[in-house]
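Numbering (my numbering), first residue to last: 1325 to 1499.
Backbone N, C-alpha and C fix where the C-beta goes; we use that ideal spot for every residue, glycine too.
Quantities reported herein were computed from a predicted structural model and do not represent experimental measurements.
Worksheet: one structure, shown below.
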Amino acid sequence: MNEAKDQPIYIFEMGFGTDLNAFLTAIETEKCKCKVYYTATEKTPLSLEEAGALNYTEVLQHHELFNQLHQTAWSEAKIIHHYFTLHKVQNDLIDYSTDQQFYIIYYDAFAPNAQPELWTIAIFEKLRSMLSDNGILVTYCAKGDIRWAMIVAGFTVKKLPGPPGKREMLRVIKS
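Written out as structure tokens, the structure is:
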């Protein structure tokens, strides 16, 4: 994750949802001993029971970590373990603002047909302003009009093979 392990990595996630991205990141930070400050927004948080029904811990273990991520209070930074600090913000991305520069953005909004307001050039310009130079945004949406909007917003866009169930995903770089 980070070649200079003494330098923290700042990650932003749009769409905390089930917390899978935060959960996997928190697990990996312990393995690689990399400090991560993780900020996530979510307009309508799931309950621990709803997220737990997905059985992530059946496959990944780390039951206590999973519960801790979901039980962390909103709107305050919480040290989860030595390498992972979580700050959950109950807010819509449109209304969210920060001066923090992030190295990675996990863009996990619902599909453009479900949330078209989150897939506009203006939103991608906002996200670009939140990224540090050479920062990376990743998303599972690889639609042509979305790629175009990202390019217009000033990103370099690359299609990658998607995870199981998704043909492609995008890695977008602020250049």
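Quick one: using the 10 Å Cβ neighbour count with 16 as the cut-off for buried, is residue i buried or exposed?
i	result
T1463	buried
E1382	exposed
K1357	exposed
P1487	exposed
K1483	exposed
G1489	exposed
A1364	buried
V1496	buried
T1409	buried
So, with DSSP's three-state summary, where would you put residue i?
i	result
S1453	helix
R1495	strand
G1478	coil
P1436	coil
M1325	Any answer about M1325 is weak, because its pLDDT of 46 lies below 50 and its placement is not dependable; what the coordinates show is given next. In this structure, M1325 counts as coil in the three-state DSSP scheme.
With DSSP as the reference, identify every bridge partner of residue i, one or two as the case may be.
i	result
H1405	F1408
F1426	L1455
I1460	I1428 and I1497
P1485	E1492
Handout entry: Inter-stretch contact (C-beta, 8 Å, three-pair minimum) for the region 1342–1352 and the region 1387–1396
Key = yes
Practice task
With a floor of 3 residues, list each beta strand (DSSP E) that falls wholly inside the region 1334–1397, ordered by position along the chain.
Solution key: Look at the region 1334–1397 and you find these whole runs of beta strand (DSSP E), each 3 residues long or longer: 1360–1365.
Practice task
Report yes or no: do the region 1358–1367 and the region 1437–1455 share at least 3 C-beta pairs separated by less than 8 Å?
Solution key: no
Problem - At least three beta-carbon pairs within less than 8 Å, the region 1370–1386 to the region 1403–1412 - result: Touching, no, given that fewer than three Cβ pairs across the two stretches are closer than 8 Å.
Problem - Three CB pairs or more closer than 8 Å across the region 1424–1432 and the region 1370–1379 - result: no
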